[in-house]
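Below is one structure, written out as structure tokens; the observations come after it.
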Amino acid sequence: MKYDEEADIRTDTAIKIMALFFASIMFLAFTTDPIASGTKEGQRAPALEGLSYNGTGWTEFSMDDWLVDNWTAGDTTGEWLVVEFIDTDCGFCWDAGSETGQAADYFSKTGAEKWDGPVVNFVANVGELNIPGHESSRDEIIAFRDKSGEETCAKGDCTNRPGNPHSFTYIDDLDLDNMDEWKVPGTPAYYLIQPDGIVAWVSSENPREKVGDAIIRIVGGEQ
Amino acid sequence: MDANLILMLYVMPLLFGTVLLTPFGSALGDALSSKWPKLEIPRRQRLLGLNVVLLVGFAISVHTLWISNKISEGGSVCSSATVFSCDDVLGNVAYNTDPVFGLSWGMIGMVAFGILMFLANSMSKEPDALWAERYSKYGMYLTLLGLPVIGLLISYEVAMGKICQYCTTAHVANVIALFGFWTITRMHEHGNWNDDTTSEASA
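Each protein sequence line maps, in turn, to chains A and B. The number in this note's numbering is simply the position in the first sequence, starting from 1, with 3 added. The number in this note's numbering is simply the position in the second sequence, starting from 1, with 14 added.
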């Protein structure tokens with residue numbers, strides 16, 4: 004015979020299931036310390052992928068290949084990474100070309116003058132901002148990086164960009180996939196990434212501090 | 015401990031629950047009935063099987079969420095040397111959360127299996143309640159709803175070229191639970207939802 008006088012059974016069951024659920028949540032809370040993915044300081048940087056140009060040709064780039072999962076703070080063998088978001092037709096990026104090139108040579112220890120801290124590699128992610136006159140191409144990326152060719156960049160012929168040709172890798176992000184993923188507010192934007200992939204410093208959160216100063220302050224080493 | 019060895023701790027009870035949900039469960043139920051007499055009754059066998067399967071689904075969902083959290087810390091749980099790598103799947107930020115709310119798939123699994131466990135547990139405690147048949151249908155619809163979600167997650171794995179063995183076990187638990195709720199619904203419809211033992215039912 005069927006009956007309908009057992010609402011308490013369902014309440015009792017619901018309480019037990021909820022207790023199990025919250026016990027599981029407590030277990031997760033006590034045994035893990037998840038780090039959110041994002042581009043704010045302290046978050047785990049999202050993927051940065053695409054075809055990249057390093058001076059010789061175009062090859063696949065994945066930021067994961069540059070990271071060390073088990074890096075611990077104080078380990079000076081781990082290599083840091085500065086990700087610079089630029090547009091070859093952005094005037095501010097044009098102006099920053101010299102300073103960024105010098106910083107890259109110095110901190111990545113590829114120039115004549117080397118700093119004594121851990122290696123800080125630089126990569127530039129080149130997007131094509133949705134602004135009239137900002138049409139770009141791979142040839143223009145090469146021209147901006149190498150100061151070569153006959154392409155026109157932000158303030159004229161790319162060969163006239165301030166500073167020397169850059170030695171670091173440029174990523175083709177003309178479709179803005181990476182920029183969208185990283186929620187880049189504008190160019191140029193700089194992100195200092197720890198060897199384990201955690202965002203250590205973001206230029207938009209520190210508008211008064213230059214990337215070189217941030218590296219010295221956060222990564223360490225002598226000035 | 016090896017991740018695949020730990021997986022066996024889930025697969026064994028999942029198999030046990032699955033057997034109880036099938037006609038082979040009668041033999042297993044009869045074998046266990048000397049210690050637990052109620053397991054001689056087919057519907058008790060089905061309910062036990064369903065509860066075990068759902069508990070495994072819930073536990074494995076908690077485990078996948080734990081793995082997701084550990085990977086976000088920079089840890090490593092599964093070797094990525096083979097196509098079976100929960101690290102590569104659960105650690106992929108492009109796919110490891112649902113596209114609408116941004117919730118971790120492990121958390122969604124916990125909630126889904128929690129609701130299913132509530133339905134199955136309630137039925138187990140009061141199998142003759144008026145709402146018991148309705149609950150079996152709710153369970154069936156909910157697990158049916160899980161199928162397109164499983165399809166989406168499998169498409170992610172295909173895109174990545176990697177398989178998360180823990181996630182797959184949770185998906186299998188959902189499919190088995192669907193079979194379990196469907197079986198119970200059919201027992202209601204065919205008038206077999208009673209405490210007759212296997213021998214009485216066949217007579």
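Using N, Cα and C, we set each Cβ at its ideal position, and we do this for glycine too. Since the model is a prediction, treat every value here as computed from it, not as a measurement.
Taking the Cβ atom as the reference point for each residue, do residue i and residue j lie within a distance shorter than 8 Å?
| i | j | result |
| --- | --- | --- |
| A/Asp199 | A/Leu54 | no |
| A/Val126 | A/Thr172 | yes |
| B/Ala191 | B/Leu130 | yes |
| B/Ser150 | B/Ile74 | no |
| B/Ala173 | B/Gly153 | no |
| A/Glu143 | A/Glu154 | yes |
| A/Leu31 | B/Leu117 | no |
| A/Thr16 | B/Lys176 | no |
| A/Phe24 | B/Met124 | yes |
| A/Phe64 | A/Ile174 | yes |
| A/Asn128 | A/Leu177 | no |
Measuring alpha carbon to alpha carbon, tell me which of the options ends up nearest residue i.
| i | options | result |
| --- | --- | --- |
| B/Leu104 | B/Leu23, B/Gly120 and B/Glu203 | B/Gly120 |
| B/Leu156 | B/Ser138, B/Ile122, B/Pro141 and B/Asp142 | B/Ile122 |
| A/Pro49 | A/Gly58, A/Asp67 and A/Thr35 | A/Asp67 |
| A/Gln46 | A/Val205, A/Ala217, A/Leu23 and A/Asn57 | A/Val205 |
| A/Asn181 | A/Glu138, A/Pro210 and A/Glu131 | A/Glu131 |
| B/Ile164 | B/Lys176, B/Asn188, B/Phe72 and B/Gln179 | B/Asn188 |
| B/Asp44 | B/Gly31, B/Phe30, B/Gln59 and B/Leu35 | B/Gln59 |
| A/Arg211 | A/Ile196, A/Asp160 and A/Ala192 | A/Ala192 |
| A/Leu84 | A/Trp97, A/Phe110 and A/Thr59 | A/Phe110 |
| B/Pro37 | B/Tyr170, B/Gly194, B/Met22 and B/His77 | B/Gly194 |
| A/Ile218 | A/Glu82, A/Cys161 and A/Ala22 | A/Glu82 |
Could one say the Cβ of residue i lies closer than 8 Å to chain A's Cβ atoms, at least one of them?
| i | result |
| --- | --- |
| B/Lys52 | no |
| B/Met13 | In this structure chain B extends from 15 to 217, so residue 13 of chain B is not present and cannot be described. |
| B/Asn188 | no |
| B/Asn208 | no |
| B/Leu79 | yes |
| B/Asn135 | yes |
| B/Gly194 | no |
| B/Phe98 | no |
| B/Lys84 | yes |
| B/Met22 | no |
| B/Phe115 | no |
Should residue i be flagged as near chain B, meaning a C-beta pair shorter than 8 Å?
| i | result |
| --- | --- |
| A/Asn73 | yes |
| A/Ala107 | no |
| A/Trp64 | Sequence check: residue 64 of chain A is Phe here, not Trp. Not an interface residue. |
| A/Ser27 | yes |
| A/Ser111 | no |
| A/Phe33 | no |
Tell me whether residue i is buried or exposed, calling it buried when 16 or more other Cβ atoms sit within 10 Å of its Cβ.
| i | result |
| --- | --- |
| B/His204 | exposed |
| A/Thr103 | buried |
| A/Ser151 | exposed |
| A/Glu87 | buried |
| A/Phe95 | exposed |
Which whole-angstrom value describes the C-beta separation of residue i and residue j, a residue pair presumed to lie in contact below a C-beta threshold of 8 Å?
| i | j | result |
| --- | --- | --- |
| A/Pro135 | A/Val222 | Wrong, their Cβ atoms sit about 39 Å apart, outside the cutoff. |
| B/Ser82 | B/Cys92 | Not confirmed; about 12 Å, so no contact. |
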